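As structure tokens, the structure follows; a few thoughts come after it.
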């Protein structure tokens, strides 16, 4: 194989690896954001339950 063809193949590997990493990191960020949303919803439910218990005890 000539040098130009080898460089072309290596460049394709680098570009493909970069794209894969981009999708992986984007996916992690999305999952992290979803976890924060679920946590916020859980905190809201807990807060509402505590307020309801306080009202019942009055």
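Numbering (our numbering), first residue to last: 12 to 69. Think of the CB as a built atom: it goes at the ideal place given N, C-alpha and C, for glycine as much as any other residue. None of these values were measured; they are calculated from a predicted model.
Residue i versus residue j - alpha carbon distance
i	j	result
residue 22	residue 35	20 Å
residue 28	residue 50	33 Å
residue 61	residue 67	10 Å
residue 19	residue 38	29 Å
residue 15	residue 40	37 Å
residue 63	residue 30	50 Å
residue 47	residue 25	33 Å
residue 55	residue 17	57 Å
residue 57	residue 32	37 Å
Any non-hydrogen atom of the ligand PLP within 7 Å of residue i CB
i	result
residue 43	The ligand PLP is absent from the structure shown, which contains no ligand whatsoever.
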